[in-house]
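The next block holds one structure in the form of structure tokens; read it before the comments.
Number of protein chains: 2
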Amino acid sequence: MINPIAIENVRPRTPDGFPAKAVTGQVVTVSADIFRDGHDLLAAQLAWRPKGSKMWQTAPMSELPNHRWEAAFSAADVGLHEFVVRAWTDAYATWRKGALLKHQAGQDVAVEMEEGALLVEAASARAKAKDRAPFEQAAEMLRNKYLPVENRLEAAEVPEVLAVLRATPAKKDLSISSSMPLWVDRPRALFSSWYELFPRSNGGFAGTTKRLAALAEMGFDVIYLPPIHPIGVTDRKGKNNTTTPGPDDVGSPWAIGSAAGGHTAIDPGLGTFEEFDALVEEAHALGMEISLDYALQCSPDHPWVTDHPEWFHRRPDGSIKFAENPPKKYQDIYPINFWPDKDEDRDALWRECRDVLEFWIERGVKFFRVDNPHTKPLAFWAWVIRKIQSKHPDVLFLAEAFTHPKMMARLAEVGFSQSYTYFTWRTAKQELAEYALEVAQGPASDYMRPNFWPNT
Amino acid sequence: MINPIAIENVRPRTPDGFPAKAVTGQVVTVSADIFRDGHDLLAAQLAWRPKGSKMWQTAPMSELPNHRWEAAFSAADVGLHEFVVRAWTDAYATWRKGALLKHQAGQDVAVEMEEGALLVEAASARAKAKDRAPFEQAAEMLRNKYLPVENRLEAAEVPEVLAVLRATPAKKDLSISSSMPLWVDRPRALFSSWYELFPRSNGGFAGTTKRLAALAEMGFDVIYLPPIHPIGVTDRKGKNNTTTPGPDDVGSPWAIGSAAGGHTAIDPGLGTFEEFDALVEEAHALGMEISLDYALQCSPDHPWVTDHPEWFHRRPDGSIKFAENPPKKYQDIYPINFWPDKDEDRDALWRECRDVLEFWIERGVKFFRVDNPHTKPLAFWAWVIRKIQSKHPDVLFLAEAFTHPKMMARLAEVGFSQSYTYFTWRTAKQELAEYALEVAQGPASDYMRPNFWPNT
Numbered sequence: 082m083i084n085p086i087a088i089e090n091v092r093p094r095t096p097d098g099f100p101a102k103a104v105t106g107q108v109v110t111v112s113a114d115i116f117r118d119g120h121d122l123l124a125a126q127l128a129w130r131p132k133g134s135k136m137w138q139t140a141p142m143s144e145l146p147n148h149r150w151e152a153a154f155s156a157a158d159v160g161l162h163e164f165v166v167r168a169w170t171d172a173y174a175t176w177r178k179g180a181l182l183k184h185q186a187g188q189d190v191a192v193e194m195e196e197g198a199l200l201v202e203a204a205s206a207r208a209k210a211k212d213r214a215p216f217e218q219a220a221e222m223l224r225n226k227y228l229p230v231e232n233r234l235e236a237a238e239v240p241e242v243l244a245v246l247r248a249t250p251a252k253k254d255l256s257i258s259s260s261m262p263l264w265v266d267r268p269r270a271l272f273s274s275w276y277e278l279f280p281r282s283n284g285g286f287a288g289t290t291k292r293l294a295a296l297a298e299m300g301f302d303v304i305y306l307p308p309i310h311p312i313g314v315t316d317r318k319g320k321n322n323t324t325t326p327g328p329d330d331v332g333s334p335w336a337i338g339s340a341a342g343g344h345t346a347i348d349p350g351l352g353t354f355e356e357f358d359a360l361v362e363e364a365h366a367l368g369m370e371i372s373l374d375y376a377l378q379c380s381p382d383h384p385w386v387t388d389h390p391e392w393f394h395r396r397p398d399g400s401i402k403f404a405e406n407p408p409k410k411y412q413d414i415y416p417i418n419f420w421p422d423k424d425e426d427r428d429a430l431w432r433e434c435r436d437v438l439e440f441w442i443e444r445g446v447k448f449f450r451v452d453n454p455h456t457k458p459l460a461f462w463a464w465v466i467r468k469i470q471s472k473h474p475d476v477l478f479l480a481e482a483f484t485h486p487k488m489m490a491r492l493a494e495v496g497f498s499q500s501y502t503y504f505t506w507r508t509a510k511q512e513l514a515e516y517a518l519e520v521a522q523g524p525a526s527d528y529m530r531p532n533f534w535p536n537t
Numbered sequence: 082m083i084n085p086i087a088i089e090n091v092r093p094r095t096p097d098g099f100p101a102k103a104v105t106g107q108v109v110t111v112s113a114d115i116f117r118d119g120h121d122l123l124a125a126q127l128a129w130r131p132k133g134s135k136m137w138q139t140a141p142m143s144e145l146p147n148h149r150w151e152a153a154f155s156a157a158d159v160g161l162h163e164f165v166v167r168a169w170t171d172a173y174a175t176w177r178k179g180a181l182l183k184h185q186a187g188q189d190v191a192v193e194m195e196e197g198a199l200l201v202e203a204a205s206a207r208a209k210a211k212d213r214a215p216f217e218q219a220a221e222m223l224r225n226k227y228l229p230v231e232n233r234l235e236a237a238e239v240p241e242v243l244a245v246l247r248a249t250p251a252k253k254d255l256s257i258s259s260s261m262p263l264w265v266d267r268p269r270a271l272f273s274s275w276y277e278l279f280p281r282s283n284g285g286f287a288g289t290t291k292r293l294a295a296l297a298e299m300g301f302d303v304i305y306l307p308p309i310h311p312i313g314v315t316d317r318k319g320k321n322n323t324t325t326p327g328p329d330d331v332g333s334p335w336a337i338g339s340a341a342g343g344h345t346a347i348d349p350g351l352g353t354f355e356e357f358d359a360l361v362e363e364a365h366a367l368g369m370e371i372s373l374d375y376a377l378q379c380s381p382d383h384p385w386v387t388d389h390p391e392w393f394h395r396r397p398d399g400s401i402k403f404a405e406n407p408p409k410k411y412q413d414i415y416p417i418n419f420w421p422d423k424d425e426d427r428d429a430l431w432r433e434c435r436d437v438l439e440f441w442i443e444r445g446v447k448f449f450r451v452d453n454p455h456t457k458p459l460a461f462w463a464w465v466i467r468k469i470q471s472k473h474p475d476v477l478f479l480a481e482a483f484t485h486p487k488m489m490a491r492l493a494e495v496g497f498s499q500s501y502t503y504f505t506w507r508t509a510k511q512e513l514a515e516y517a518l519e520v521a522q523g524p525a526s527d528y529m530r531p532n533f534w535p536n537t
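Residue numbers (my numbering), protein chains in the order written: chain A, 82 to 537; chain B, 82 to 537.
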């Protein structure tokens, strides 16, 4: 059985049932096509709650042109929410409109007045006993054939009577949309100003800490650090991408891992954990935060390479496959094989990747800039973001994805809080206007938050 | 766990999971957005079958620009079908592209050739023992380091080897869309030429039978008769919608039912069941068919009014509510209350309405022109059309719906085979072009079949 009333095309939503997105305090406009057979007038209501709460909050929906209805709400807390759209036939409004039209056309409306009185009495039965006086009075007036019809119709237009008349659907008529999931983030998921710096160029963590006040002064609120982990030595890259580094070449920070550790270690050249903690603390004190790079790849010297060779692609000659985009080679980086042959190996790998996030969340990092997420499985992102956010709903993920539009939208759908955009490729007025409309109002605007910063 | 490969936006489909539509022999183009992480090449396949069949038929999908893929099929039989889109990583094509690029860039590809040989050997294991010779030969050539690389790459390009290499997904990588339902009708659901006539003006059924050959000659294939049932006498309408009919006024054929019977009876003035059967038979003999009007409403004299007063709206003065659109009154017609208070009354009513269709289907009528479906519940149409078509998949329903576009699309979605359109309201070139594009390619074109005939 489908709903007696059609409730279609509810927004916000994602194409495949993942949560749409909002931030705390944001006005979320919910809209839907609502209509039924015949000419009766309808009423509709938006209901929402944090997922798992027993109490719904509600707001009446307003009718727009072309059978579209809408209402707005805002969520106070981060985390998963749900909303539904409810619709029913407004028996009172339908009755009143018909009775008035007939009276104005000079028709006898004695039976209509009795029908109205019965509607009011039925509503009275749903009010508390102590509140029933205005209902009884209204029903009596509607039946008073010695008064002009206009006055009798006026008599039911009492706010406390109307409130009950209009808000109470007949059970057999009440129609309810599917439960629509909405993930609510903290406000920086919607808007934040990022400053990227290499701690190595700023006197390590200690020197970087001293720069924070000036960055806060400029209005930045997120300080993003490229990978801060130990850098591999095997096949380290030198100047201009050569494979012959000099003794002072530090290599690419994205070639993560050495004998000093992997994704949960700090490059000794940048400072200590105590200095890192002090950096995070100072950022918080200034109303800012530190974002780390989450780059899931390894140098040949990463501990995972020896401890878990099954997490990498092995070639017929026994070597591990390094990153390449033929004919380009990145010998200093091993991509991870997210789909090892054995399911238990995959489970262990994915959990380890999750634990890297947990490690830094524990140290106060709540915003991750994710390196090239479009080169790792969508299934992994759907899993790891849900795992982390269900425990830490204030953690945010920025997708460093410069790839095709459908992939960018899909990464946002499966959970990324923010995404890069093609903004920097648009230069003409019309291109900018079209693109701004697309990101502000297009279908993906329900869940994709384009970040307009021009840095990669 | 979501699919390793994203398969999105599959068409044809309806917004809420009802079947999309096709007719037998029609070329149905299935398309989807298909992509995965990284740069590996993909393969995709369309699979379809009549619902309930154990065997899938398949066709390879081709890649279009912007990650869209498509393939086409056509169904031989009417009834419910299902299709899925399958996608996997094309390991062979990915390998070959990379090996060639590296070789062309002057890199050593000895390990790549061994990888290729292993891919071919893995494919060989999936071929029948007697078919393995070309695989062994290809693997041997790939490993033959005395030959130029181009020749070795060429050696695997043998049709029977390629067919196995390309068609066999790795199990952990195979991604499958949801099952998509498709309802397949006979061809007249897509295109038919209708001729409407009143048997009363043509000498009843016997006279109408004589006109059929001339109508067939003109190219018509559906002869539509307004209601042929007994007409009520209570509050019968006279000329020009007056309520004072003369003795020769027959009333509106849509005021269905009298002492002579209701929706399963024939107005005695039109002929006998035998004459009706002869009319249907002659139409079939001429390659045409008879369509009846399915108008779910009653005159005050319809047998249902006395047998089932609970199927109508009763007013406080004890009268049954007649049809009205205030201040307009249609005293000769009682609308049906499709939602009686008791569920068992509703079940009995809906079944009776279904049985009316069964009655005429039994007499050879397979096409119903449904009167004002937008004034009866969508839930009823979803139920009754599914009930009828699951037993008689060749029965078709035309929605006589001149109402707002969302309702027209929704009626098509819940099951109507054909619908009216706004064609006759479009007159300018641009209006016509836009509308033709909308009905031919817009989202509703997957399930709504607009009938361009200008008659209501």
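For glycine and all other residues, C-beta sits at the position ideal for the given N, C-alpha and C.
Residue i, DSSP secondary structure in three states
i                : result
Met516 (chain B) : In the sequence as displayed, the identity of residue 516 (chain B) is Tyr instead of Met. DSSP places Tyr516 (chain B) in helix when its eight states are reduced to three.
His162 (chain B) : strand
Ala125 (chain A) : strand
Pro334 (chain A) : coil
Gly342 (chain A) : strand
Thr537 (chain B) : Interpretation of Thr537 (chain B) is limited by its pLDDT of 47, a score under 50 that renders its predicted location unreliable; no figure is taken from the coordinates.
Asp539 (chain A) : Outside the shown range of chain A, which is 82 to 537, sits residue 539 (chain A), and nothing can be said about it.
Lys409 (chain B) : strand
Met488 (chain A) : helix
Thr289 (chain B) : helix
N-terminal and C-terminal residue of the beta strand (DSSP E) that residue i is part of
i                : result
Gln138 (chain A) : Gln138 to Pro141
Gln107 (chain A) : That residue, Gln107 (chain A), is in no beta strand (DSSP E); it is neither H nor E in DSSP.
Ile309 (chain B) : Run containing Ile309 (chain B): none; DSSP gives neither H nor E here.
Spatially closest choice to residue i from the options, by CA coordinates
i                : options                                   : result
Phe154 (chain A) : A:Leu200, A:Trp129 and A:Ile257           : A:Trp129
Gly342 (chain B) : B:Val331, B:Val386, B:Asn532 and B:Ala220 : B:Val386
Thr170 (chain B) : B:Ile414, B:Asp452 and B:Ala124           : B:Ala124
Gln522 (chain B) : B:Arg94, B:Thr289, B:Pro328 and B:Trp464  : B:Arg94
Gly313 (chain B) : B:Pro326, B:Leu306 and B:Phe216           : B:Pro326
His120 (chain B) : A:Asn406, A:Glu370 and A:Leu306           : A:Asn406
Lys226 (chain B) : B:Ala152, B:Arg247 and B:Ala191           : B:Ala191
His485 (chain B) : A:Gly133, A:Gly106, A:Asn147 and A:Gly160 : A:Asn147
Cys434 (chain B) : B:Gly399, B:His389 and B:Lys410           : B:His389
Ser282 (chain A) : A:Gly352, A:Gly133 and A:Phe504           : A:Gly352
Lys151 (chain A) : A:Glu193, A:Val111 and A:Ala490           : One point to set straight first is that residue 151 (chain A) is Glu, not Lys, in the sequence displayed. Glu151 (chain A) has its Cα closest to that of A:Val111, out of A:Glu193, A:Val111 and A:Ala490.
Leu296 (chain B) : B:Tyr276, B:Pro416, B:Pro131 and B:Pro311 : B:Tyr276
Arg507 (chain B) : B:Phe497, B:Pro474, B:Phe449 and B:Val520 : B:Val520
7 Å Cβ cutoff, residue i in contact with chain B
i                : result
Asp468 (chain A) : Note that residue 468 (chain A) is Lys in the sequence shown here, rather than Asp. Not one chain B Cβ lies under 7 Å of Lys468 (chain A).
Pro458 (chain A) : yes
Trp129 (chain A) : no
Pro100 (chain A) : no
Rounded distance between the beta-carbons of residue j and residue i, thought under 8 Å
i                : j                : result
Ala186 (chain B) : Pro408 (chain A) : 3 Å
Ile466 (chain B) : Met369 (chain B) : In fact, because the Cβ distance is near 23 Å, the residues do not count as touching under 8 Å.
Asp212 (chain B) : Glu241 (chain B) : 7 Å
Short CB-CB distance (under 7 Å) between residue i and chain A
i                : result
Phe301 (chain B) : no
Leu182 (chain B) : yes
Phe403 (chain B) : no
Asp158 (chain B) : no
Glu433 (chain B) : no
Lys487 (chain B) : yes
Phe116 (chain B) : yes
Residue i: first and last residue of the uninterrupted alpha helix (DSSP H) it sits in
i                : result
Ser205 (chain B) : Ala191 to Arg207
Ala482 (chain B) : Element bounds for Ala482 (chain B): n/a, residue is neither H nor E.
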